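Colleague: The sequence shown runs 1447 to 1720 under the numbering used here.
Ideal Cβ positions, reconstructed from N, Cα and C, are used throughout, including at glycine.
Only a predicted model underlies this, so the values are computations on that prediction, with no experimental measurement involved.
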Amino acid sequence: MKIRYLLLLVIFTFSIILSGMNFVYAQGKVNVQDGPIPEAEWMVKVAGAELSEDHSGVDTWITKWYGLDGNYINNGGFGASAPKDLIELGTDGKLTQLTLSTVVGINKTKDVDVNWPDNGGAREWTVFEIDPANPHNMDRGGPVDNYDMYAICVIDAPKAMKSVMSPAHDDHAQIWINGEKWYNNPTWTGAAQQVDFNIEVDLKKGANVVLFRCGEGGGHGYLNLHFDDDTHDAVDIYPDKSDDQASFLKEVAGVLPVEPTDKLTTIWADIKRK
Ligand SMILES: [Ca+2]
Ligand SMILES: [Ca+2]
């Protein structure tokens, strides 16, 4: 009888430990809150100690992204390029990083292409896939040093919710959601699936646009992102089945509002740009 009791206690203890580990694995320790970042601090490095969490066991890393069919190359090093709005530069101001991270911006990509005459030339919008385990997953066949990459996904949330995003990047990461900047970190995380900051963010009901930019200097160059398990269970993330611009826009057409409901966000983004 006593042994049976002891056995139960052992099983109970183990299951507690396991569920704790599971929690850490799936979400990580939230160490960034109170976003989005005020404009005066957009280029200030995220505050706090680096967690160096191993998220290589996470199976929700996002693999499909909407973006350009090539990188911004010869960026002069990520430190030099990071403060520049390369979307604004490449579209004569028709789009900016902030507007690109809104439903309005996604719709504008139908008509606005990007051209960087001295930094890669004309680019077109497409869907591309990356391997989260590959520490060079941003190279995309181009030069392997000194470039910037932009990656976009649309998250369709069933309700307004708090969510936790976990990025891994090499080198400088900047992340915008719905016209606001939520993350700025010039320091590489250490490995393709190593996370230093788990950031609490706000998702609204319906379509949320995430814009993830990463600037590369030399060596490893990777961009990876996943959210906490509760978020992945609750939302739909696009691109899903699509593999080019037309199929992506078709795929999200039912998710994006016909009349933008986030007009205020757009106006706010425009005001901040001026
Ligand atoms: Ca680290
Ligand atoms: Ca690097």
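Is the distance from the Cβ of Y1596 to the Cβ of L1671 below 8 angstroms?
Modeller: no
Colleague: Here's the rule: buried if 16 or more other CB atoms are within 10 angstroms of the residue's CB, otherwise exposed. What is K1491?
Modeller: exposed
Colleague: How about I1552 and W1511: are their beta carbons less than 8 angstroms apart?
Modeller: no
Colleague: Please check the pair S1612 and G1474, which I expect to be a contact at CB under 8 angstroms, by giving their CB distance rounded to whole angstroms.
Modeller: 6 angstroms
Colleague: When you compare only the Cα positions, how much space is there between L1541 and K1556?
Modeller: 12 angstroms
Colleague: For ligand 1, list every residue whose C-beta falls under 7 angstroms from any of its heavy atoms, going in chain order.
Modeller: Screening all residues for a C-beta within a distance smaller than 7 angstroms of any heavy atom in ligand 1 leaves E1496, S1498, T1635, G1636, Q1640 and D1642, in chain order.
Colleague: Roughly how many angstroms lie between the CA atoms of P1484 and K1627, to the nearest whole one?
Modeller: 8 angstroms
Colleague: Might you give, ordered along the chain, the residues of its own chain that have their beta carbon closer than 6 angstroms to the beta carbon of F1673, omitting 5 neighbours on each side?
Modeller: S1609 and M1611
Colleague: Please name the residue or residues paired with M1607 in a DSSP beta bridge.
Modeller: The partner list for M1607 (beta bridge, DSSP) reads L1649.
Colleague: List the endpoints of the continuous alpha helix (DSSP H) containing V1549.
Modeller: First-last of the alpha helix (DSSP H) with V1549: V1549 to K1554.
Colleague: Using only the alpha-carbon positions, how far apart do S1688 and R1450 sit?
Modeller: Whole-angstrom Cα-Cα distance: 55 angstroms.
Colleague: By Cβ distance below 7 angstroms, which residues in the same chain neighbour N1477 in space, the five residues on each side in sequence not counted?
Modeller: Counting only Cβ-Cβ distances below 7 angstroms, and skipping sequence neighbours, we find G1494, L1497, F1643 and N1644.
Colleague: Can you tell me whether H1672 sits near ligand 2, meaning its C-beta is under 7 angstroms from at least one heavy atom of the ligand?
Modeller: False, no ligand heavy atom lies under 7 angstroms from that Cβ.
Colleague: Between H1615 and ligand 3, is there a pair consisting of the residue's CB and a ligand heavy atom that are separated by less than 7 angstroms?
Modeller: Of the ligands one can find in the structure shown, namely ligand 1 and ligand 2, none is ligand 3.
Colleague: Just the C-alpha distance for A1619 and A1486, rounded to the nearest angstrom, thanks.
Modeller: 17 angstroms
Colleague: Please state the DSSP three-state secondary structure of T1572.
Modeller: strand
Colleague: Enumerate in chain order the residues of its own chain whose CB-to-CB distance from D1617 is below 8 angstroms, with the five nearest sequence positions on each side excluded.
Modeller: F1524, P1632, T1633, W1634, C1660, G1661, E1662, G1663 and G1667
Colleague: Using only alpha-carbon positions, find the residue among N1592, D1686 and L1702 that is nearest to N1624.
Modeller: Ranking N1592, D1686 and L1702 by Cα distance to N1624 puts L1702 first.
Colleague: Could you tell me if the beta carbon of H1501 falls within a distance shorter than 7 angstroms of some heavy atom in ligand 2?
Modeller: no
Colleague: Could you say which of P1604, I1601 and H1582 lies nearest to H1615 if we only look at CA atoms?
Modeller: Across the set P1604, I1601 and H1582, the C-alpha of H1582 shows the shortest separation from the C-alpha of H1615.
Colleague: Can you tell me whether P1685 is buried or exposed, with buried defined as 16 or more other CB within 10 angstroms of its CB?
Modeller: buried
Colleague: What is the DSSP secondary structure of R1450, reduced to helix, strand or coil?
Modeller: helix
Colleague: Would you mind giving the Cβ-Cβ distance between W1562 and Y1518, rounded to the nearest angstrom? I have them listed as a contact below 8 angstroms.
Modeller: 6 angstroms
Colleague: To test your reading of the DSSP string, which unbroken beta strand (DSSP E) runs of 3 or more residues are found completely within the segment 1635-1680?
Modeller: 1644-1649, 1652-1662 and 1668-1673
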